[in-house]
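Here the structure is laid out as structure tokens; the discussion comes afterwards.
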Amino acid sequence: MVTSGVTCGTTEKTHRKRWWRVNDNGGASSPIAFLFVSFTMFGSFGYLYTYTFYKYPNTNNYGNNSSGCHEDSEGSWAIGVFYGDSPFSLKPIEDMNIWDNKSAAWPVANPVVTCGSVTDSGFPSNFVADPFLYVQGDILYMFFETKNSITMQGDIGVARSYNNGASWEQMGVLLDEEWHLSYPFVFDYNGQIYMMPEGSKKGDLHLYRAVEFPLKWKLEKVILNRPLIDSFIMEYDSKYWLFGSDHTRVSTKKNGELEIWYSNSPLGPWKQHKKNPVYNTDKKTGARNGGRPFVYNGNVYRPGQDDGETYGKRVRVYKIEVLTPYEYKEVEVDLGFKNPTKGKNVWNGARSHHLDVQQLRSGQWIAVSDGDRTPSGDYSRRIIVGCLLIFASCSLVLLMGVLLGYVRCTVPLSWDPHSITKRSDSLLVWESSNCMSSKLRYYLSRLYRGSSILRCKINPKTRHGRFAFLVILLASIALLCSGIGYLFGGNGGQKAYEIDNSYSQFTMVAMTYAARLWNLKWYVRHYSQCPSVREIVVVWNKGTPPDLSEFDSAVPVRIRVEEKNSLNNRFKLDPLIKTRAVLELDDDIIMSCEYVERGFKVWRENTDRLVGFYPRLVNGPGPLEYRAEKHARKFNGYNMILTGAAFLDTRVAFGRYWSEEAKPGRVVVDEFFNCEDVLMNFLYANASFGPSVEYVKPAWAIDTSKLSGVAISKDTQAHYRVRSNCLEKFTKMYGGLSDRKVDFKRRKDGWDL
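Every number in my numbering is 2 more than the matching position in the sequence shown, counting from 1.
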């Protein structure tokens with residue numbers, strides 16, 4: 003056994019009697035017991051941490067069907083719809099104020115087709131990408147790549163829309179070959195409908211013809227024996243031109259190569275452009291095709307992929323100026339697309355690599371584009387980083403074992419080549435030539451001496467030693483939690499929740515005044531990044547309003563200056579609000595976007611109710627008394643939701659609040675400068691025969707007014723007494739709430755614990 007003379011200034015006998023030396027004979031029971039207990043405790047903590055924070059994982063994927071939408075290293079692509087008066091003025095569907103009552107989407111928001119919608123139709127999918135439109139009268143068909151989550155290869159799917167892309171009916175997978183398929187370019191020729199999907203792994207370019215459109219196709223012919231990627235065909239100057247990329251060429255720069263072929267017919271035969279490849283350059287210059295070419299004002303434009311920072315980073319558009327069998331020239335133009343402002347919190351925040359633009363019979367332009375929230379390879383990187391962090395945490399556990407004396411840097415004598423009684427000649431030659439045994443003994447003796455010195459320096463019995471031990475323990479826990487976050491926490495962004503495979507947006511309303519500007523700036527910066535927030539409206543009750551340039555916001559901010567300082571202004575009718583859902587949230591409450599999105603999902607499922615984050619219970623007998631949430635927990639139920647943090651229907655709720663029926667209540671609110679949220683609860687209860695409130699529990703919330711010293715209700719007891727008085731008055735005006743109790747833990751989503 004390798005030993006060291008380091009004794010920390012004590013005798014070896016004393017060293018053996020130390021409390022952390024369990025086995026004086028150097029047996030293995032002590033290290034094994036320590037490691038077993040340590041890793042059992044850390045493993046249990048890791049499991050509880052994972053269950054607590056990632057029970058409802060917020061991953062990159064859209065849709066929650068267990069048979070589809072499994073995250074992988076290729077990303078979580080989805081598809082959105084855009085509209086404009088021209089191809090260069092396209093705006094996302096949410097900016098067009100299109101509503102869909104069937105899916106509780108007011109307005110409809112992108113993405114409109116996801117892996118979840120395909121999976122729910124019976125075809126498991128990990129992502130959808132490469133969308134192409136085909137317009138047939140007033141019906142839109144969308145063809146796209148769908149990655150099968152079982153076979154892990156691309157197939158071609160199709161969806162149909164009767165309302166210009168506001169909603170899509172999934173029709174199924176129309177093409178499933180033995181090889182990967184993508185980029186389903188669809189076009190007309192001589193009264194027939196053709197599709198030319200990418201199938202480069204097969205080694206050639208196939209052309210299919212629709213037999214029973216849109217679901218049944220047959221192979222028409224192999225039009226080119228080349229493994230072209232992302233190809234399209236267009237008619238130009240009395241010829242047909244085929245654009246594609248061949249990455250198998252010698253010295254080809256991947257995603258930076260482009261070839262052109264020409265023919266008198268889309269069926270061929272095809273001839274090469276004299277300058278092929280016309281591009282073989284940097285991959286960020288858009289050489290690889292990024293969708294269908296389009297014609298506008300007599301000019302032809304080609305979309306191309308910018309793959310510079312990550313695969314599929316963005317789409318660039320090029321105007322074709324010269325196209326002959328001998329020359330090709332194009333120049334880049336600005337498409338005018340609005341770039342995402344919420345990063346990984348929005349469906350296309352990281353990248354978008356495909357665009358198909360079409361003009362409808364109405365003259366309006368429509369486009370479909372794909373997008374992803376994570377860069378290429380993000381999932382693989384997170385797996386690697388997560389495992390490395392957990393390994394580092396395990397290493398610190400071993401270090402603690404060394405410091406406590408349970409783990410020693412020793413090697414059994416049987417491992418030493420000199421201890422072998424019978425050694426073959428070959429082993430002797432190997433020993434002599436490599437000096438391996440002496441090097442091994444030297445290395446282990448240095449390692450053991452180093453661990454002994456470390457135990458001397460960091461003695462758990464000393465104050466400094468205990469502090470160092472605590473730091474190592476906390477560091478190991480932090481590394482463990484960080485590693486779990488990388489493995490199970492997705493890309494760190496927050497995503498919106500879908501209802502019936504549709505997404506929507508809401509408006510945030512905060513009421514404040516000049517003294518709380520510091521709170522407001524923090525509030526706007528944080529909540530503007532939430533995926534479903536469309537606009538933040540600031541109800542300015544008192545003082546000089548700030549300039550909008552003072553806010554760091556990812557969404558528009560509007561300040562509505564009020565003439566009178568009244569809490570009734572919180573629910574004032576506002577025709578400029580474009581969403582049906584409004585989140586009334588006090589400017590001193592900061593919580594995670596994840597829980598805000600949960601609240602929005604629950605509201606979309608219960609649009610006739612107040613859905614919020616702070617429950618209260620008003621019950622008798624005896625005088626009504628306003629109490630905190632603890633009282634509601636005691637009786638396992640609630641019948642009020644504080645509207646300082648609640649979702650409501652802007653048209654219904656504000657209309658009720660400013661009705662003639664609510665006028666006496668508004669007078670009370672102005673009299674006490676309090677209780678506007680209590681009044682709203684009574685009005686909702688009066689208008690409902692069933693539950694009028696729903697609760698969503700946030701994991702955490704910060705009251706920033708405590709940090710800035712501008713809390714409105716500093717005296718909690720006095721505040722509660724006023725609200726108790728309001729309860730008595732409103733009960734006489736509008737009836738009681740005691741019979742409207744809703745139990746906690748009632749919903750299946752588990753968010754009302």
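Using N, Cα and C, we set each Cβ at its ideal position, and we do this for glycine too.
(message) Tell me the residue span of the alpha helix (DSSP H) that contains Trp-605.
(response) Numbered from 1 along the sequence shown, position 603 holds the residue referred to as residue 605. Its alpha helix (DSSP H) spans residues 595–607.
(message) Please report the distance separating the alpha-carbon of Lys-574 from that of Glu-564.
(response) Looking up residue 574 in the sequence shown gives position 572. Looking up residue 564 in the sequence shown gives position 562. Rounded to whole angstroms, Lys-574 to Glu-564 spans 10 Å at the Cα level.
(request) With a cut-off of 8 Å on the beta carbons, I'd call Ala-161 and Glu-147 a contact; round off their distance for me. (result) As a first step, residue 161 is located in the sequence shown; it is residue number 159 there, counting from the start. As a first step, residue 147 is located in the sequence shown; it is residue number 145 there, counting from the start. 13 Å between Cβ atoms; not a contact.
(message) Quick check: the Cα distance between Asp-248 and Phe-90, rounded to an integer number of angstroms?
(response) For the purposes of this step, residue 248 is taken as residue 246 along the sequence shown, with counting starting at 1. For the purposes of this step, residue 90 is taken as residue 88 along the sequence shown, with counting starting at 1. Between Asp-248 and Phe-90, the C-alpha separation is close to 30 Å.
(message) Distance check for Trp-108 and Gly-86, CA to CA, integer angstroms please.
(response) Position 84 of the sequence shown, counted from the start, is the residue given in the question as residue 86. Position 106 of the sequence shown, counted from the start, is the residue given in the question as residue 108. Answer to the nearest angstrom: the Cα atoms are 20 Å apart.
(message) Using a 10 Å radius around the Cβ and a threshold of 16 neighbouring Cβ atoms, would you call Gln-719 buried or exposed?
(response) Taking the sequence shown and counting its residues from 1, the one referred to as residue 719 is at position 717. Gln-719 counts as exposed, since fewer than 16 other beta carbons sit within 10 angstroms of its beta carbon.
(request) From the DSSP output, read off the bridge partner residues of Asn-301. (result) Here residue 301 refers to the residue found at position 299 when the sequence shown is read from its first residue. DSSP lists Tyr-298 as partners of Asn-301.
(request) Just grab the DSSP bridge partners of Leu-650 for me. (result) Within the sequence shown, numbered from 1, the residue matching residue 650 stands at position 648. Looking at the DSSP assignment, Leu-650 forms a beta bridge with Val-584.
(message) Let me confirm a value: Arg-353 is counted as buried when at least 16 other C-beta atoms fall within 10 Å, else exposed. Which label applies?
(response) Looking up residue 353 in the sequence shown gives position 351. Classification for Arg-353: buried.
(message) Helix, strand or coil for Tyr-242? Go by DSSP, reduced to three states.
(response) In the sequence shown, counting from the first residue as 1, residue 242 sits at position 240. Strand.
(request) Could you tell me whether the stretch 651–669 touches the stretch 625–634, using the rule of 3 or more Cβ pairs below 8 Å? (result) Output reads no: the stretch 625–634 does not touch the stretch 651–669.
(message) If I measure Cβ to Cβ from Tyr-840 and keep anything under 7 Å in the same chain, skipping five residues before and after, which residues do I get?
(response) What the structure shows of the chain is the stretch from 3 to 755, and residue 840 is not part of that stretch, so it cannot be assessed.
(request) Report the partner residues of Phe-134 according to the DSSP bridge assignment. (result) Translated into the one-based positions of the sequence shown, residue 134 becomes position 132. Paired residues: Phe-145.
(message) Could you compute how far the alpha carbon of Lys-256 sits from the alpha carbon of Gly-292?
(response) Stepping through the sequence shown from its first residue, residue 256 is reached at position 254. Stepping through the sequence shown from its first residue, residue 292 is reached at position 290. Between Lys-256 and Gly-292, the C-alpha separation is close to 15 Å.
(message) Between the alpha carbons of Val-335 and Ile-322, how many angstroms are there, rounded?
(response) If you number the sequence shown from 1, residue 335 lands on position 333. If you number the sequence shown from 1, residue 322 lands on position 320. Rounded to whole angstroms, the gap between the alpha carbons of Val-335 and Ile-322 is 10 Å.
(message) For the pair the stretch 495–510 and the stretch 88–105, tell me if three or more CB-CB distances fall below 8 Å.
(response) yes
(request) Name, in chain order, the residues that DSSP records as bridge partners for Ile-501. (result) The residue given as residue 501 occupies position 499 in the sequence shown. In the DSSP output, where bridge partners are listed per residue, Ile-501 has Ser-504.
(request) Note down the Cα distance separating Phe-187 from Asp-239, rounded to an integer number of angstroms. (result) Along the sequence shown, read from residue 1 onward, the residue named residue 187 stands at position 185. Along the sequence shown, read from residue 1 onward, the residue named residue 239 stands at position 237. Taking the straight line from one Cα to the other gives about 21 Å.
(request) In the DSSP assignment, find the unbroken beta strand (DSSP E) run with Glu-171 in it and report its ends. (result) Counted from its first residue, the sequence shown places residue 171 at position 169. DSSP places Glu-171 inside the beta strand (DSSP E), whose first and last residues are 171–177.
(message) Within the continuous alpha helix (DSSP H) that includes Ala-687, where are the two ends?
(response) Here residue 687 corresponds to residue number 685 of the sequence shown, with the count starting at 1. From DSSP, the alpha helix (DSSP H) with Ala-687 extends over 678–688.
(request) Determine the burial state of Ser-530: buried for a count of at least 16 other Cβ atoms within 10 Å of its Cβ, exposed for fewer. (result) For the purposes of this step, residue 530 is identified with residue 528 of the sequence shown, where counting begins at 1. Buried, by the Cβ-count rule.
(request) For Asp-232, collect the residues of the same chain with a Cβ closer than 7 Å to its Cβ; drop the 5 residues on either side in sequence, then sort them by chain order. (result) Residue 232 sits at position 230 when you count from the first residue of the sequence shown. Same-chain partners within the cutoff: Tyr-185, Glu-200, Gly-246, Ser-247, Arg-290, Asn-291.
(message) Once the 5 residues before and after Gly-494 are set aside, which same chain residues still bring their CB inside 7 Å of it?
(response) Numbered from 1 along the sequence shown, position 492 holds the residue referred to as residue 494. Correct list, in chain order: Lys-346.
(message) On the CB-based measure, 16 or more other CB atoms within 10 Å of its CB, does Ser-46 come out buried or exposed?
(response) In the sequence shown, the residue the question calls residue 46 occupies position 44. Result: exposed.
(request) Specify the secondary structure class of Phe-234 as computed by DSSP and reduced to three states. (result) As a position in the sequence shown, residue 234 is number 232, starting the count at 1. Residue state, collapsed to three classes: strand.
(request) Determine the burial state of Thr-514: buried for a count of at least 16 other Cβ atoms within 10 Å of its Cβ, exposed for fewer. (result) Against the sequence shown, residue 514 aligns to sequence position 512. Burial call: buried.
(request) Give the DSSP-derived three-state secondary structure of Leu-415 in the structure shown. (result) Counted from its first residue, the sequence shown places residue 415 at position 413. Note that Leu-415 scores 45 on pLDDT, short of 50, meaning its location in the model is unreliable and no value can be drawn from it.
(request) Measure the Cβ-Cβ separation of Cys-71 and Thr-121 and say whether it is below 8 Å. (result) Locating residue 71 in the sequence shown gives position 69, counting from the first residue. Locating residue 121 in the sequence shown gives position 119, counting from the first residue. Yes, these two residues count as a Cβ contact at 8 Å.
(message) For Glu-537, list the residues DSSP reports as bridge partners.
(response) Along the sequence shown, read from residue 1 onward, the residue named residue 537 stands at position 535. Note: Glu-537 sits in a beta bridge opposite Thr-509.
(message) Checking 8 Å against the spacing of the C-beta atoms, do Val-557 and Val-584 come in under that value?
(response) Numbered from 1 along the sequence shown, position 555 holds the residue referred to as residue 557. Numbered from 1 along the sequence shown, position 582 holds the residue referred to as residue 584. No, the pair does not count as a contact, with Cβ atoms beyond the cut-off.
(request) Report the partner residues of Phe-84 according to the DSSP bridge assignment. (result) Counted from its first residue, the sequence shown places residue 84 at position 82. DSSP output for Phe-84 lists Pro-94, Ala-369 as bridge partner(s).
(request) Can you have a look at Ile-704 and say buried or exposed, based on whether 16 or more other CB atoms are within 10 angstroms of its CB? (result) Along the sequence shown, read from residue 1 onward, the residue named residue 704 stands at position 702. Under this definition Ile-704 is an exposed residue.
(message) Along the chain, where does the beta strand (DSSP E) containing Ser-661 start, and where does it finish?
(response) Numbered from 1 along the sequence shown, position 659 holds the residue referred to as residue 661. Unbroken run through Ser-661: none, as it is neither H nor E.
(request) Could you spell out where the beta strand (DSSP E) holding His-528 opens and where it closes? (result) Numbered from 1 along the sequence shown, position 526 holds the residue referred to as residue 528. No beta strand (DSSP E) holds His-528; the alpha helix (DSSP H) holding it covers 519–529.
(message) One question on the structure: do Ser-119 and Gln-172 come within less than 8 Å of each other, judged by their Cβ atoms?
(response) Taking the first residue of the sequence shown as position 1, residue 119 is located at position 117. Taking the first residue of the sequence shown as position 1, residue 172 is located at position 170. Contact: yes.
(message) Please classify Leu-221 as buried or exposed, where buried requires at least 16 other C-beta atoms within 10 Å of its C-beta.
(response) Here the question's residue 221 lines up with position 219 in the sequence shown. Flag for Leu-221 reads exposed.
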